[in-house]
Structure formats: C-alpha cells, structure tokens
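Participant: The sequence shown finishes on residue 510 if you use UniProt numbering, and the numbering steps up by one all the way, no holes.
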Amino acid sequence: MEETRAKRVDASARMRAVPIAVTPEGFWCCPSPAALHKSLKNNPHHHGGGGNHKPPPPTPPPQQHKTTTPSAPPSRAPSVLSEPVAGDAPDEPPPQPAAAEAEAERHKICVGFGQPETSDVTVVLYGKEGIAVRMSVHGDVLRRSSAFFAEKLSSSSSSSGSGGHGHGSCLEIHDCDDAEIYVETVGLMYCDEAKHKLLKQNVSRVLRIMKVAESLGFHACVKSCLDYLEAVPWVGEEEDNVVSSIRHLQSKAYGVSPLLKRITSDNLKSPTDTLALIMEMVLKSTDDRARREMKALVLNLLKDSNHCTDGSSDISSELLYSSCQGCLDRLRLLFSEATGQEFSVELTRQITLETDNLLWLVEILVNQRICDDFVALWANQSKIAELHGKLPVASRHTVSCITARLFVGIGRGEMLPSKNTRLLLLQVWLQPLIDDYSWLQCSCRSFDRKLVEEGIGQTILTLPLEDQRSMLLAWLGRFLKLGDNCPNLQRAFEVWWRRTFVRPYVSQAR
1 MEETRAKRVD
11 ASARMRAVPI
21 AVTPEGFWCC
31 PSPAALHKSL
41 KNNPHHHGGG
51 GNHKPPPPTP
61 PPQQHKTTTP
71 SAPPSRAPSV
81 LSEPVAGDAP
91 DEPPPQPAAA
101 EAEAERHKIC
111 VGFGQPETSD
121 VTVVLYGKEG
131 IAVRMSVHGD
141 VLRRSSAFFA
151 EKLSSSSSSS
161 GSGGHGHGSC
171 LEIHDCDDAE
181 IYVETVGLMY
191 CDEAKHKLLK
201 QNVSRVLRIM
211 KVAESLGFHA
221 CVKSCLDYLE
231 AVPWVGEEED
241 NVVSSIRHLQ
251 SKAYGVSPLL
261 KRITSDNLKS
271 PTDTLALIME
281 MVLKSTDDRA
291 RREMKALVLN
301 LLKDSNHCTD
311 GSSDISSELL
321 YSSCQGCLDR
331 LRLLFSEATG
341 QEFSVELTRQ
351 ITLETDNLLW
361 LVEILVNQRI
371 CDDFVALWAN
381 QSKIAELHGK
391 LPVASRHTVS
401 CITARLFVGI
411 GRGEMLPSKN
421 TRLLLLQVWL
431 QPLIDDYSWL
441 QCSCRSFDRK
451 LVEEGIGQTI
461 LTLPLEDQRS
471 MLLAWLGRFL
481 KLGDNCPNLQ
491 RAFEVWWRRT
501 FVRPYVSQAR
C-alpha cells in the first residue's frame with residue numbers, strides 16, 4: 001500500500017481547476033491523464049478559483065553591480081540554508097529546495113463526490129505521473145466501503161480527538177501507481193451496484209480497478225469485478241492477464257472458482273482420449289473442405305503444443321501410430337478390392353482419402369519428431385507396393401506422394417531411420433514412384449520435383465558405397481529410357497562418381 005499521511009485540511013491550499021464530468025449518481029469523475037495534460041497545455045495559466053486572471057507583466061530584475069568574484073551555478077539538489085553572514089549580499093533570494101520545486105511542478109486536480117458541500121474528508125493522491133488529485137469525500141461512505149480507509153480515518157480521528165467522526169481530516173497517499181483508476185474506484189463506493197457501472201469498461205480496465213479495490217479492502221467492488229470477468233469473453237492476451245490477476249485471490253473468500261472453471265476442470269477427461277476422438281472425427285470426415293480446414297487447424301495446434309516435455313509426447317506417439325496402422329489397413333483393403341473388380345470413381349476417391357489421411361499423419365509425426373518408425377512401417381508395405389502396379393495410374397499415383405514425402409524428410413534430416421530401413425524403402429518404393437512420376441508432376445499441386453529429387457539422391461548417398469552403386473546404376477538405366485518421366489538424380493550420381501573414382505578414401509587410407 002502506498003504511503004499515507006493524515007493531517008488537517010489546509011484551507012489555503014491552491015489547487016488547479018480542470019474540467020470535471022458529473023455522472024447520474026452525483027459523483028464527479030477524474031479525467032484521464034491525457035485529457036488532463038491536454039487541458040493544462042491549452043490553459044497554462046488556469047489556476048484555482050476559476051477566474052480568468054491575466055498574469056502580471058514580468059518585472060525586470062534589479063540592476064546589480066558586477067563583482068569580480070565568480071558565483072557557483074545554482075544546484076537543483078536540496079540544500080541546507082545557514083544564517084546570513086554580515087557582508088553578504090542581501091538582495092539574492094535563497095535557492096528554493098528541490099522538494100518545493102517538485103511540488104510546484106505537479107498538476108493538481110480537485111474532484112468531488114456525492115454532495116461536495118457536505119464532504120468531511122479530503123484525500124490527496126500524489127501520482128507517479130506528476131499529478132496531485134484532491135478528492136472531497138464523505139467519511140461514512142469510505143468507512144462503510146473500504147477497510148483501508150476505515151483504519152486510516154480511525155487513526156486520524158484518534159490522533160486529532162474529533163470523537164471518531166474524522167471531520168475535516170485529510171489523508172495523503174503518495175507514489176500512487178494509477179491515480180486515475182484510484183479516483184474511479186473511490187467513485188464506485190458511491191454506487192449501489194458497481195457491477196452495472198463496469199458494463200461499458202474493457203477487461204484491462206476492470207483488472208486495474210480490481211487491483212486498486214483489493215488494495216483498499218473494497219470487497220464489494222472486487223466481487224463486482226469478478227462477476228464482470230466471469231460473464232465477458234476474454235480475447236487474445238486478456239485470458240493470461242485475467243488468470244494471473246486472480247490466481248492470488250484463491251486464498252481469499254472472493255469466490256474465483258467460476259472464473260477458473262473456464263480454463264480448468266476437476267473432471268477433465270484424459271487429453272489422449274480427447275485427441276483420439278478429434279483425430280477419429282477428422283479422419284472419417286466426409287466433407288472435403290471441412291476436412292482440409294480441420295486438418296490444417298489440428299496440425300498447427302499440435303505444433304504449438306509440441307514444446308511440452310512432461311512425457312505426453314509418448315502418449316500421442318502411441319495414438320498417432322494407431323491411427324497410421326488403421327489407415328494402412330484400409331488402404332491395403334482398398335487396393336485388394338480395386339484389383340478384383342472393375343475400376344470405379346468411388347474407389348479412387350476412397351484411396352485418395354486414405355492417402356491424404358496418411359500424409360496428414362506423417363506431417364504430425366514429423367512435427368512431433370517421431371517419424372522414424374513410420375518409415376520402417378511404410379517400407380514393409382510390400383503387399384501394397386505389389387498391388388500398386390495392378391491399379392490404373394490415375395487411382396494409385398497419390399500413394400507415391402507418401403513415398404516422396406519420406407524421401408524429402410530423410411534428405412532434410414527430419415527423420416533418422418536405420419540403414420536397413422533406408423535401403424528397404426528404396427528397394428520397395430522407388431520403382432512405384434518412378435512409374436507414377438509423370439502423373440505426380442501433372443496432377444499434384446504440392447509436388448516439388450526438385451525437392452523430391454534432392455531427397456531421393458540424399459537418401460541414396462547415405463547408404464554404403466556398394467549400395468549407392470547398385471541403386472544409381474539401376475536409376476541410370478531407367479533415366480536413359482524415360483527421360484523427364486524419371487527423377488533426375490545427376491547430382492547424387494556426381495557425388496557417387498567422385499567418391500568412387502576421384503577420391504577413393506579407403507584406398508588412400510591403406
């Protein structure tokens with residue numbers, strides 16, 4: 001709590017008059033500091049009393065004789081004045097103390113509440129913004145509403161011997177952090193229902209009012225602020241601000257549980273169960289546009305929550321791989337049905353849907369950094385790869401997008417499968433990818449040829465040199481026959497060539 005000091009009202013105090021607004025309840029509101037400063041700027045000579053007095057013309061300083069003794073420059077720091085010594089020049093006024101200068105530079109405001117002519121207490125706020133606010137208030141209202149003011153007025157009455165009524169008392173509050181809100185909070189003590197007065201306020205301002213009300217022991221206002229915050233939406237950063245402001249109120253009898261229930265629950269189900277339900281709903285969606293939008297949303301949300309290190313990523317790993325296995329089982333069944341009956345548009349749509357689901361799951365696994373096992377899972381789908389060549393290219397080519405994405409991920413270092421897994425992936429899925437290459441370039445908007453070719457080449461170059469030789473020589477034979485309908489792995493071929501013929505490291509080591 002700010003420093004307070006009780007003293008008698010100084011009738012000779014001169015306060016600066018500013019425009020004051022009166023509310024239907026009869027109390028006067030302090031203008032905002034911005035409006036106050038603007039008013040002072042436009043009326044620099046507007047002093048207390050309300051009269052438009054013109055400043056007296058400046059009088060020229062009296063002529064003084066020049067002396068040869070240099071004088072020290074005046075200091076702004078507080079100084080202690082000694083008694084005048086004989087022979088000193090009496091015509092130079094003593095320097096004004098810094099405290100008095102600071103007091104003179106303050107912008108002073110007068111505010112009245114209720115019926116100002118019946119006020120019996122004066123509260124003076126000294127804000128850190130350089131503003132001094134004098135409030136004419138009523139002691140009975142302050143005692144009834146605020147535990148802080150009740151204690152201060154009781155102490156003031158005891159020391160002044162006024163019989164407990166605090167008539168003519170003056171309280172000074174120094175270093176007030178938020179003088180504007182302080183005045184508004186005192187004004188709310190004159191309202192029968194403070195909650196209704198908060199309707200036109202925003203969340204940020206209500207939090208400021210609640211902070212001041214709590215410091216004053218104004219419990220009714222704190223309760224009204226909590227009721228307001230419980231009913232209004234929290235937008236953007238307001239949620240964090242509200243939660244941080246009310247956390248410390250849990251130990252007090254303010255009833256913050258309704259607010260905290262908005263973000264926490266005692267009976268909350270397991271996050272894994274909730275995520276499993278969401279993913280199942282998305283994977284089984286029948287509307288293409290809604291499915292795309294929700295896939296993008298869930299993917300971004302999982303990216304944001306990927307920073308947790310409390311072990312929850314292991315639970316999501318089990319869930320994700322369970323979903324992947326379900327998609328692979330359905331895809332294998334669709335491929336078997338497609339080879340045993342006539343080609344149908346509906347069957348192609350279902351194959352495309354399952355392929356899109358797998359690509360979405362792969363992106364989630366990559367973001368979770370747990371995609372290594374899926375590479376092994378996909379490399380062991382020899383049954384699907386065998387049936388791949390028996391389907392029309394128009395219905396099967398989207399499956400090769402999964403293979404392409406895995407090659408890109410290995411080339412980027414997003415996934416780190418074992419050497420045997422990388423070799424098996426190339427042996428099982430590179431040929432189906434080459435068979436669909438022309439369709440991928442023409443039919444898939446997201447297909448990036450250069451990126452895929454770089455990924456395939458980097459994957460081959462991670463193998464032992466003998467495996468590089470067999471894979472690149474097999475590619476060379478296909479490339480010479482297919483041309484642009486085959487991935488161009490010339491950069492990988494050049495690296496392998498230099499390793500084999502130009503810089504044989506093993507031979508040099510021997």
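Glycine residues also receive a C-beta, built at the ideal position from the N, C-alpha and C atoms.
Cα-Cα, which of L391, N367, M135 is closest to G114?
Facilitator: For G114, the nearest C-alpha among the options comes from M135.
Participant: Going by C-alpha distance, which of Q458, M279, R330, A385 is nearest Q490?
Facilitator: Checking every option, the nearest Cα to that of Q490 belongs to Q458.
Participant: Keeping to the same chain, check which residues put their C-beta closer than 7 Å to that of L426; ignore five residues upstream and five downstream.
Facilitator: Excluding residues within five positions, the ones whose Cβ falls inside 7 Å are T459, I460, M471.
Participant: E230 lies in the beta strand (DSSP E); which residues open and close that run?
Facilitator: Where E230 is concerned, there is no enclosing beta strand (DSSP E), although the alpha helix (DSSP H) it sits in stretches over 219-231.
Participant: Going by beta carbon distance, what residues of the same chain come within less than 8 Å of I209, once the five residues before and after it are set aside?
Facilitator: Once the five neighbours on either side are set aside, the close Cβ partners of I209 are I181, E184, T185, L188, L198, Q201, C221, C225.
Participant: Which whole runs of the beta strand (DSSP E) in the segment 185-218 are 3 residues long or more, in chain order?
Facilitator: Runs found: none.
Participant: Measure the Cβ-Cβ separation of S285 and M294 and say whether it is below 8 Å.
Facilitator: A contact, by the Cβ cut-off of 8 Å.
Participant: Just verifying my parser: in three-state terms, what is the DSSP assignment at D467?
Facilitator: Helix.
Participant: Do the segment 320-328 and the segment 349-368 meet, that is, are 3 or more Cβ pairs less than 8 Å apart?
Facilitator: Counting Cβ pairs under 8 Å, three or more are found: they touch.
Participant: Nearest to V375 by alpha carbon, out of P487, K152, G413?
Facilitator: Of P487, K152, G413, the residue nearest in Cα terms is G413.
Participant: By Cβ distance, which residues of its chain are closer than 7 Å to L433, with the 5 residues on each side in sequence left out?
Facilitator: Correct list, in chain order: S400, T403, A404.
Participant: Is it right to say P487 is buried, meaning 16 or more other beta carbons lie within 10 angstroms of its own, or is it exposed?
Facilitator: It is buried - the Cβ of P487 has at least 16 other Cβ atoms within 10 Å.
Participant: Give the range of the alpha helix (DSSP H) segment to which R388 is assigned.
Facilitator: Position check: residue 388 holds His in this sequence, whereas Arg was assumed. Element bounds for H388: 382-388.
Participant: S136 lies in the beta strand (DSSP E); which residues open and close that run?
Facilitator: It spans 131-137 - the beta strand (DSSP E) in which S136 sits, taken as one unbroken run.
Participant: Measure the C-alpha to C-alpha separation of R292 and L277 and round it to an integer number of angstroms.
Facilitator: Roughly 17 Å separates the two Cα atoms.
Participant: By Cβ distance, which residues of its chain are closer than 6 Å to T398, with the 5 residues on each side in sequence left out?
Facilitator: Within the same chain, T398 has close Cβ partners T352, T355.
Participant: Using the C-alpha atoms, what's the distance from F218 back to V242?
Facilitator: The alpha-carbon atoms of V242 and F218 are separated by roughly 19 Å.
Participant: Apart from the five residues just before and just after T339, which ones in its own chain have a Cβ nearer than 8 Å to its Cβ?
Facilitator: Result list for T339: L387, K390, L391, in chain order.
Participant: Which value, in whole angstroms, describes the spacing of the CA atoms of R501 and V408?
Facilitator: The sequence as given places Phe at residue 501; Arg does not occur at that position. For F501 and V408, the distance between alpha carbons rounds to 28 Å.
Participant: Would you say V393 and W439 are within 8 Å of each other, going by their C-beta atoms?
Facilitator: Cβ distance < 8 Å, so V393 and W439 count as in contact.
Participant: Within this structure, are the beta carbons of V121 and S155 separated by less than 8 Å?
Facilitator: Cβ distance not < 8 Å, so V121 and S155 don't count as in contact.
Participant: By Cβ distance below 6 Å, which residues in the same chain neighbour E337 in space, the five residues on each side in sequence not counted?
Facilitator: Once the five neighbours on either side are set aside, E337 has no close Cβ partner at all.
Participant: Taking the beta carbon of M415 as the centre, do at least 16 other beta carbons fall within 10 Å, making it buried, or is it exposed?
Facilitator: The residue in question, M415, is buried, as its Cβ has 16 or more Cβ neighbours within 10 Å.
Participant: Output yes or no for whether 8 Å exceeds the beta carbon distance between I246 and V235.
Facilitator: For I246 and V235, no; Cβs fall outside 8 Å.
Participant: Identify, in the order they occur along the chain, each residue of the same chain with its Cβ nearer than 7 Å to the Cβ of residue 512, setting aside the five sequence neighbours on each side.
Facilitator: Summary: the structure shown does not reach residue 512, with the chain confined to residues 1 through 510, and so no result is reported for it.
Participant: On the DSSP bridge list, what partners appear for K284?
Facilitator: Paired residue(s): none; K284 is not in a bridge.
Participant: Against chain D, does R422 count as a neighbour if the rule is that its beta carbon must be under 8 Å from one of theirs?
Facilitator: Chain labels in this structure do not include chain D; a single protein chain is all it has.
Participant: For K303, which residues of its own chain have a beta-carbon under 6 Å away from its beta-carbon, when the five flanking residues on both sides are left out?
Facilitator: The answer, listed in chain order, is N367.
Participant: Quick one: Cα of E239 to Cα of C324, how far?
Facilitator: So the two alpha carbons sit approximately 36 Å from each other.
Participant: Identify, in the order they occur along the chain, each residue of the same chain with its Cβ nearer than 7 Å to the Cβ of K383, setting aside the five sequence neighbours on each side.
Facilitator: Within the same chain, K383 has close Cβ partners R332.
Participant: Could you tell me the distance, in whole angstroms, from the CA atom of V124 to the CA atom of V298?
Facilitator: Those two C-alpha atoms are separated by around 55 Å.
Participant: What residue range is occupied by the uninterrupted alpha helix (DSSP H) comprising L430?
Facilitator: First-last of the alpha helix (DSSP H) with L430: 419-435.
Participant: Nearest to V452 by alpha carbon, out of L406, V203, W497, Q381?
Facilitator: Of L406, V203, W497, Q381, the residue nearest in Cα terms is L406.
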